[in-house]
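First to last, the protein sequences are chains A and B.
For what it's worth, our numbering labels the leading residue of the first sequence as 754, then goes sequentially.
For what it's worth, our numbering labels the leading residue of the second sequence as 754, then goes sequentially.
No residue lacks a Cβ here, since even glycine has one placed at the ideal position from N, Cα and C.
Since the model is a prediction, treat every value here as computed from it, not as a measurement.
To keep things clear, I will list the structure first and then write my remarks on it.
There are 2 protein chains.
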Amino acid sequence: MKSILKYSTQDGHKRSLINLYVLHSLHREPKTGYDLLKEIEELTKGVWVPSKGTIYPMLRQLEEQGIIVPQETGARAKTIYALTENGETALTEMKERRHQSHENVQIIRNIHTEIFGEGRASLAENVWEIWDYIRDHSHDKQKRAQEILMQCKDDLRELGEEGETVE
Amino acid sequence: MKSILKYSTQDGHKRSLINLYVLHSLHREPKTGYDLLKEIEELTKGVWVPSKGTIYPMLRQLEEQGIIVPQETGARAKTIYALTENGETALTEMKERRHQSHENVQIIRNIHTEIFGEGRASLAENVWEIWDYIRDHSHDKQKRAQEILMQCKDDLRELGEEGETVE
DNA sequence: CATGCATATTTCGATAGCGCACTGTTCGAC
DNA sequence: GTCGAACAGTGCGCTATCGAAATATGCATG
Chain A
754 MKSILKYSTQ
764 DGHKRSLINL
774 YVLHSLHREP
784 KTGYDLLKEI
794 EELTKGVWVP
804 SKGTIYPMLR
814 QLEEQGIIVP
824 QETGARAKTI
834 YALTENGETA
844 LTEMKERRHQ
854 SHENVQIIRN
864 IHTEIFGEGR
874 ASLAENVWEI
884 WDYIRDHSHD
894 KQKRAQEILM
904 QCKDDLRELG
914 EEGETVE
Chain B
754 MKSILKYSTQ
764 DGHKRSLINL
774 YVLHSLHREP
784 KTGYDLLKEI
794 EELTKGVWVP
804 SKGTIYPMLR
814 QLEEQGIIVP
824 QETGARAKTI
834 YALTENGETA
844 LTEMKERRHQ
854 SHENVQIIRN
864 IHTEIFGEGR
874 ASLAENVWEI
884 WDYIRDHSHD
894 KQKRAQEILM
904 QCKDDLRELG
914 EEGETVE
């Protein structure tokens with residue numbers, strides 16, 4: 754009951770982060786296992802690519818649980834999965850438990866801070882900090898946050914262009 | 754090579770978050786497996802308690818790797834572990850890779866936001882774009898990039914502070 | 001049309017971490 | 001004095017994920 758990055762559901766089930774993501778992604782649009790892999794790779798800038806030995810067995814498991822259904826579209830023997838109604842319900846339930854996930858993320862963050870300390874400040878870390886600022890902004894401020902970011906992007910692009918040295 | 758919450762070392766090894774934490778904690782003070790369990794439980798306010806079937810085998814593994822040594826102090830058959838010199842080195846190396854861990858944590862947060870955080874997607878995209886820009890900057894430009902980022906952070910912080918945001 | 005690359009999936013052995021049950025000790029309370 | 005709670009560790013089976021190899025198809029390029 755006390756494991757990290759596992760989200761428990763109403764019924765006895767547990768869902769991992771990938772698991773949750775799969776539901777979320779299939780909710781937006783039905784797709785294949787391969788699509789999911791690519792999507793996650795892109796989302797994480799290639800930092801995390803789930804193994805095929807993870808995603809495909811998981812899809813089959815979700816199918817058995819009646820969470821998703823294959824919509825066999827012939828070409829290239831690929832299997833497009835979609836959420837069932839049960840799946841939609843399960844996803845909604847999970848999303849209502851937002852705080853649970855938030856708590857888990859926070860825990861990881863705390864441990865990380867405990868180990869590495871608060872110190873700074875590589876370029877990359879500055880980006881993450883910026884991210885920290887905006888993620889908690891209220892809705893009405895988002896537009897202005899957006900503008901500030903655009904300005905920052907422009908400045909950086911400009912910097913990048915002056916004297917095109919490839920290194 | 755592309756798994757989350759695994760930190761690769763100079764040698765071929767991989768370390769998990771717990772693994773890293775154990776090194777960090779034993780560095781500060783030698784202690785038993787049980788102590789480590791309690792410590793983590795406290796640190797995470799009881800949200801995460803690693804299983805004994807996790808911690809003890811791990812300690813033995815670390816011992817085999819010459820990272821830690823048991824300092825048998827008789828009473829109650831308990832085994833107090835301490836970092837070896839190799840362990841200290843390994844820890845230092847890991848800490849130098851701060852950014853790697855930071856990146857991993859960020860990935861998790863990002864996925865979390867993708868799933869739970871409606872409406873913030875576009876903001877996230879901007880952050881990623883900024884990330885892309887600075888990543889490719891040559892060394893001599895980094896300092897100026899840093900300044901631009903600091904400016905951006907300050908602006909955002911200011912935005913955040915004007916009028917108490919509740920969300 | 002051969003060659004190779006991106007797509008798409010299967011299969012399988014290895015390992016990490018979980019959860020539970022079990023053993024034994026020390027200490028305080030009743 | 002014995003009972004229960006906290007301390008300290010062992011052992012084992014289960015599952016999730018990894019990682020790598022194998023297979024097969026469609027698409028582009030020459």
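Give the straight-line distance between the Cα atoms of residue i and residue j, rounded to the nearest whole angstrom.
i, j, result
"residue 802/A", "residue 830/B", "44 Å"
"residue 864/A", "residue 824/A", "42 Å"
"residue 787/B", "residue 795/B", "12 Å"
"residue 920/A", "residue 857/B", "Any answer about residue 920/A is weak, because its pLDDT of 41 lies below 50 and its placement is not dependable; what the coordinates show is given next. Their backbone Cα atoms lie some 26 Å apart in a straight line."
"residue 807/A", "residue 761/A", "19 Å"
"residue 793/A", "residue 778/A", "10 Å"
"residue 893/A", "residue 867/B", "20 Å"
"residue 799/B", "residue 859/B", "23 Å"
"residue 835/B", "residue 895/B", "40 Å"
"residue 837/B", "residue 769/B", "19 Å"
"residue 833/B", "residue 804/B", "18 Å"
"residue 846/A", "residue 876/B", "26 Å"
"residue 781/B", "residue 812/A", "44 Å"
"residue 814/B", "residue 861/A", "23 Å"
"residue 784/A", "residue 816/A", "14 Å"
"residue 905/A", "residue 912/A", "11 Å"
"residue 776/A", "residue 852/A", "18 Å"
"residue 822/A", "residue 822/B", "52 Å"
State yes or no: is the beta carbon of residue i nearer than 7 Å to at least one beta carbon in chain B?
i, result
"residue 908/A", "yes"
"residue 842/A", "no"
"residue 896/A", "no"
"residue 834/A", "no"
"residue 797/A", "yes"
"residue 789/A", "no"
"residue 864/A", "yes"
"residue 769/A", "no"
"residue 877/A", "yes"
"residue 775/A", "no"
"residue 854/A", "yes"
"residue 808/A", "no"
"residue 812/A", "no"
"residue 781/A", "no"
Check each candidate in the options and name the one with the smallest Cα separation from residue i.
i, options, result
"residue 818/B", "860/B, 794/B, 804/B and 772/B", "772/B"
"residue 878/A", "876/B, 877/B and 884/B", "884/B"
"residue 882/B", "846/A, 815/A and 797/A", "797/A"
"residue 774/B", "854/B, 915/B, 910/B and 897/B", "854/B"
"residue 897/B", "841/A, 799/A and 910/A", "910/A"
"residue 790/B", "809/B, 876/B and 860/B", "809/B"
"residue 903/A", "837/B, 783/B, 880/B and 915/B", "880/B"
"residue 820/B", "800/B, 860/B, 799/B and 844/B", "844/B"
"residue 763/A", "785/A, 800/A and 842/A", "842/A"
"residue 887/A", "914/B, 886/B, 861/B and 887/B", "914/B"
"residue 848/B", "832/A, 835/A, 805/A and 870/A", "870/A"
Beta-carbon of residue i versus every beta-carbon of chain A: anything under 7 Å?
i, result
"residue 819/B", "no"
"residue 839/B", "no"
"residue 913/B", "yes"
"residue 822/B", "no"
"residue 815/B", "no"
"residue 859/B", "yes"
"residue 760/B", "no"
"residue 882/B", "yes"
"residue 899/B", "yes"
"residue 851/B", "yes"
Using C-beta distances below 6 Å, list every residue in its chain close to residue i, excluding the 5 sequence neighbours before and after it, in chain order.
i, result
"residue 900/A", "none"
"residue 767/A", "759 and 761"
For residue i, which residues of its own chain have a beta-carbon under 7 Å away from its beta-carbon, when the five flanking residues on both sides are left out?
i, result
"residue 850/B", "760"
"residue 839/B", "819 and 820"
Is the closest heavy atom of the ligand GTP to the C-beta of residue i under 6 Å?
i, result
"residue 843/B", "As for the ligand GTP, it is missing from this structure, which has no ligand bound."
Closer than 8 Å by C-beta to residue i: which residues in its own chain qualify, once you throw out the five before and the five after it? Chain order, please.
i, result
"residue 907/A", "none"
"residue 757/A", "857, 860 and 861"
- Query: Where in the stretch 814 to 867 of chain B do unbroken runs of the alpha helix (DSSP H), each at least 4 residues long, occur, reported from the N-terminal end onward?
  - Reply: 838 to 849
- Item | beta strand (DSSP E) runs wholly inside the stretch 763 to 821 of chain B, at least 3 long, in chain order | 767 to 769
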